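Take a look at the structure set out below.
Number of protein chains: 2
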Amino acid sequence: MDGMTSRLPTQPAALAARYGAAVPPAGPWNAMIAALLDHRSVRGYRPDPLPPGTLETLVAAAQSAATSSNLQTWSVVTVEDPAARAVMAEVAGGQKHIQECPLFMVFLADVSRNERLGEAEGKPLEGLPYLETFLVAAIDAALAAQNAVVAAESLGLSTVYIGALRNDPLKVAEVLGLPPGVMGVFGLCVGYPKPRAEGEVKPRLPQGVVLHRGRYDAGPEPTARAAYDAEMSAFSQRNEMAADSWTQRVIARIGTVRALRGRDRLAAALQAMGFPLR
Amino acid sequence: MDGMTSRLPTQPAALAARYGAAVPPAGPWNAMIAALLDHRSVRGYRPDPLPPGTLETLVAAAQSAATSSNLQTWSVVTVEDPAARAVMAEVAGGQKHIQECPLFMVFLADVSRNERLGEAEGKPLEGLPYLETFLVAAIDAALAAQNAVVAAESLGLSTVYIGALRNDPLKVAEVLGLPPGVMGVFGLCVGYPKPRAEGEVKPRLPQGVVLHRGRYDAGPEPTARAAYDAEMSAFSQRNEMAADSWTQRVIARIGTVRALRGRDRLAAALQAMGFPLR
Numbered sequence: 064m065d066g067m068t069s070r071l072p073t074q075p076a077a078l079a080a081r082y083g084a085a086v087p088p089a090g091p092w093n094a095m096i097a098a099l100l101d102h103r104s105v106r107g108y109r110p111d112p113l114p115p116g117t118l119e120t121l122v123a124a125a126q127s128a129a130t131s132s133n134l135q136t137w138s139v140v141t142v143e144d145p146a147a148r149a150v151m152a153e154v155a156g157g158q159k160h161i162q163e164c165p166l167f168m169v170f171l172a173d174v175s176r177n178e179r180l181g182e183a184e185g186k187p188l189e190g191l192p193y194l195e196t197f198l199v200a201a202i203d204a205a206l207a208a209q210n211a212v213v214a215a216e217s218l219g220l221s222t223v224y225i226g227a228l229r230n231d232p233l234k235v236a237e238v239l240g241l242p243p244g245v246m247g248v249f250g251l252c253v254g255y256p257k258p259r260a261e262g263e264v265k266p267r268l269p270q271g272v273v274l275h276r277g278r279y280d281a282g283p284e285p286t287a288r289a290a291y292d293a294e295m296s297a298f299s300q301r302n303e304m305a306a307d308s309w310t311q312r313v314i315a316r317i318g319t320v321r322a323l324r325g326r327d328r329l330a331a332a333l334q335a336m337g338f339p340l341r
Numbered sequence: 064m065d066g067m068t069s070r071l072p073t074q075p076a077a078l079a080a081r082y083g084a085a086v087p088p089a090g091p092w093n094a095m096i097a098a099l100l101d102h103r104s105v106r107g108y109r110p111d112p113l114p115p116g117t118l119e120t121l122v123a124a125a126q127s128a129a130t131s132s133n134l135q136t137w138s139v140v141t142v143e144d145p146a147a148r149a150v151m152a153e154v155a156g157g158q159k160h161i162q163e164c165p166l167f168m169v170f171l172a173d174v175s176r177n178e179r180l181g182e183a184e185g186k187p188l189e190g191l192p193y194l195e196t197f198l199v200a201a202i203d204a205a206l207a208a209q210n211a212v213v214a215a216e217s218l219g220l221s222t223v224y225i226g227a228l229r230n231d232p233l234k235v236a237e238v239l240g241l242p243p244g245v246m247g248v249f250g251l252c253v254g255y256p257k258p259r260a261e262g263e264v265k266p267r268l269p270q271g272v273v274l275h276r277g278r279y280d281a282g283p284e285p286t287a288r289a290a291y292d293a294e295m296s297a298f299s300q301r302n303e304m305a306a307d308s309w310t311q312r313v314i315a316r317i318g319t320v321r322a323l324r325g326r327d328r329l330a331a332a333l334q335a336m337g338f339p340l341r
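Each protein sequence line maps, in turn, to chains A and B.
This note's numbering numbers the first residue of the first sequence as 64 and each following residue consecutively.
This note's numbering numbers the first residue of the second sequence as 64 and each following residue consecutively.
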C-alpha cells in the first residue's frame, strides 16, 4: 500500500463507482478494502520490466491463500519466450496484451504432483480421477491467483485474467510442456498500465441480487437488472462507444455455442489431458 | 489495515514462517503483502457479532474481483438459522465452527440468473449447459470469496473455507432453497478467533516446485518434497501432536475413494442440480 493510499478513493466514491445508484449500506472500511474496490482489469501494458523479486513476492502471496486440505494442487508457469507468448495470444483470440505485458503467468490445476507422490510411495491415489479433485485444483488455482492479483495491485501494478486460454487447453499444454494431470486454467497479465489503459471501475449488479439471506430469492431480480442495464449502457457509452446493456452482453457472450469459441469441447480436452472427471 | 500494521510480521519473519528453510529471494514488500502472507485458517470462533455493515463490505470486496466477461455467475447466501447451520455442520462431517461463527456464507456457482435473463428476453442461452460455464462460475465464486477473505482479515477477522459442503451438495441446495443451475461451491466461516485458535502460519511447498519458468519441470520435486515433509512433520508436532509428513497427509486425504466422503458422486449431484456438464 506504500505510496498508494493517497490515490485511493474515499468510501462513498468507491461504492458509487462499483454500484452506481444502488449503493449498499456503508460498513467498516480501510485502505486495503479501498484498494480491493478500486480494481479494474487492464488490457494495455508498458514494456517496463518489474522490480527484481516481484514474481517471487506474487507467488509467496499466492501460496499463502488457503488450499483444500493443504493438497496444493496448483502450480504456475511464467511465459517469456516471444514465440510461446504469440501462441498464447493466438489461442486467446488475438489479445495483444499477452505479448506486451512484462510478466505473463499461466495458473495450472495440477494433480500430477500428488500423483507422482503416490507413485513414488507405491500408493496410487484413488481420489485423483474424480471431478471433485479437478474442481479442487481449479478453485485452489483461483484462490492463489487472486492473492497474486491483490499483491500486484498493492505494488502499483495492473493485471487481467485470460480465461480464453481455455479456447484450446491442449495447445497451451503442448507449449508449456504440461504432463498429464495438469491444465492451464487461466492466464494472468501483470505490468504497468499504458496511459489511459486503466479505465473506469466497472459497475456490478446491485448487492440485492447477489447476496441472499437464509434462502435464495430471485424476487428483486427483474427491477435490479433493469437498473443495472441502464448503468452498464451508460458505462459502455462513456468507455467503449457502444451502448450495450448487460443483458445484451450476456446474450452475446453465452447465447450460442459458437460464442464459446471452442470451450464447448472442454470436457473432451480435459479427458485427453488426464482428467477423467469421474 | 488500520490498527493491524503493528502486529504484522517483518518480511524475513513472514517468508520464514511460510517456507521454513526454503526461503525464496526477497522481492518488493508492503503491509498488504505482509497481511496476505500472515493468513491462517481458523477453526474456533468467539460468538461476538460483527460490526454493522461488515457483510455488505465483504460482498462489495467480493464483487470487485474480476469476473469472466462480466457474466457475474456467482452468488452468496448467508446462513443464520441455527437448524440450517446444524445441517451444514453435519454435511461437513461435524465441523463445529460452522455453528459457532457469527457469519457463515455459502458461495454459489450460479448460472440460473443468466438463465432467467435469457428466458425473460426470449433468448435461451445455448452456452449454459457446458462444463466450461460451470467452471467459470466456480472460478468466479472463488475469486470473489478470496477478496472477501482478504477484506475480512484486514478488519481483524478470521476465516476458514468449508469445501466439505460438497460432501452433499443436494442437501445444501435443499436447505438454502437453491434453484436449478445453482450449487454451493464452498462455505466460509467469518468471525473473531477464540484465544489460541489462530495458530501458526502453515508452511507451503518450496517455490521451486510450484513455480515453473517457460516449461513445466518436475525435476526438483523429490528433494523439495523430502525437505517439505520434514517441515510439515515438525509443524504438525508443534501444533497438532501427530507428526505426519505432507506425503502421509496427501495419501490419507485422497488415497482412497472412501476418503472423498461422498464427493466421488459430485458429477452425478451436479447433473441432478441442473448442470449437464456437457
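Backbone N, C-alpha and C fix where the C-beta goes; we use that ideal spot for every residue, glycine too.
As the structure is a prediction and not an experimental result, all values here were calculated from the model.
For a cut-off of 8 Å, the C-beta gap from residue 94 of chain A to residue 78 of chain A is around 15 Å, too long to register as a contact. Between residue 145 of chain B and residue 162 of chain B, the alpha-carbon positions lie close to 7 Å from each other. Contact annotation: residue 230 of chain A and residue 326 of chain A have beta-carbon atoms nearer than 8 Å. Near chain A, meaning a CB-to-CB distance below 7 Å, the residues of the region 326-337 of chain B are 326, 327, 329, 330. For residue 278 of chain B, a Cβ of chain A is located within less than 8 Å of the residue's own Cβ. Between residue 340 of chain A and chain B, the shortest Cβ-Cβ separation is below 8 Å. In terms of beta-carbon proximity, residue 318 of chain B lines the interface with chain A, with at least one pair separated by less than 8 Å. Boundaries of the beta strand (DSSP E) harbouring residue 250 of chain B: 245-254, taken from the DSSP string.
Listed along chain B are 277, each with a C-beta nearer than 7 Å to that of residue 144 of chain A. By DSSP's assignment, residue 170 of chain B forms a beta bridge with B:139, B:249. Spatial neighbours of residue 155 of chain A in its own chain (CB-CB distance under 8 Å, excluding positions within 5 residues in sequence) are listed in chain order as 161, 225, 227, 228, 230, 250. Looking at the DSSP output, residue 222 of chain A shares a beta bridge with A:253.
Cβ-Cβ distances below 6 Å link residue 221 of chain B to 105, 256 in the same chain, with the five nearest sequence neighbours on each side left out; the list follows chain order. Against chain B, a Cβ distance below 9 Å from residue 115 of chain A picks out 88, 90, 91. Residues of the region 183-196 of chain B with a C-beta atom less than 9 Å from some C-beta of chain A are 183, 184, 186, 187, 188, 189, 190, 191, 193, 194, 195, 196, listed in chain order.
Beta-bridge pairing by DSSP links residue 198 of chain B to no other residue.
The region 103-118 of chain A and the region 314-322 of chain A do not touch, with fewer than three beta-carbon pairs separated by less than 8 Å. Only exposed fits residue 159 of chain A, as fewer than 16 other CB atoms lie within 10 angstroms of its CB. Secondary-structure assignment with DSSP links residue 108 of chain A through a beta bridge to A:256. The residue among A:164, A:98, A:157, A:91 with its C-alpha nearest the C-alpha of residue 260 of chain A is A:164.
For residue 301 of chain A, there are no C-beta contacts with chain B under 7 Å, since the nearest C-beta of that chain is about 15 Å from it. Around residue 128 of chain B, the same chain offers 203, 206, 207, 209, 210 as residues with beta carbons nearer than 8 Å, after the five sequence neighbours per side are excluded.
Residues of the region 215-239 of chain B that bring their beta carbon within less than 7 Å of a beta carbon in chain A comprise 217, 218, 224, 226, 229, 239, in sequence order. Selection A:101, A:263, A:75, A:96 evaluated against residue 89 of chain A yields A:75 as nearest (Cα-Cα). Non-local C-beta neighbours of residue 111 of chain B in its own chain, meaning closer than 8 Å and more than five positions away in sequence, comprise 165, 254, 255, ordered along the chain. In the three-state reduction of the DSSP assignment, residue 102 of chain A falls in the coil class, being assigned neither a helical nor a strand state.
In terms of beta-carbon proximity, residue 159 of chain A stays away from the interface with chain B, with every pair separated by 8 Å or more. Note that the C-beta distance between residue 215 of chain B and residue 99 of chain A is not below 8 Å. By the neighbour-count criterion, in which 16 or more other beta carbons inside 10 Å mark a residue as buried, residue 101 of chain A falls on the buried side. The C-alpha of residue 336 of chain A is placed about 21 Å away from the C-alpha of residue 284 of chain B.
Between residue 289 of chain B and residue 246 of chain B, the alpha-carbon positions lie close to 38 Å from each other. Under the Cβ distance rule, residue 95 of chain A counts among the residues neighbouring chain B, one pair being separated by less than 8 Å. In the structure shown, residue 324 of chain A adopts coil according to DSSP, grouped into three states. Proximity of residue 105 of chain A to chain B, defined by a Cβ-Cβ separation below 8 Å, is not satisfied.
Judged by DSSP in its simplified three-state form, residue 274 of chain A adopts strand. Around residue 265 of chain B, the beta-carbon contacts reaching into chain A at under 8 Å are 133.
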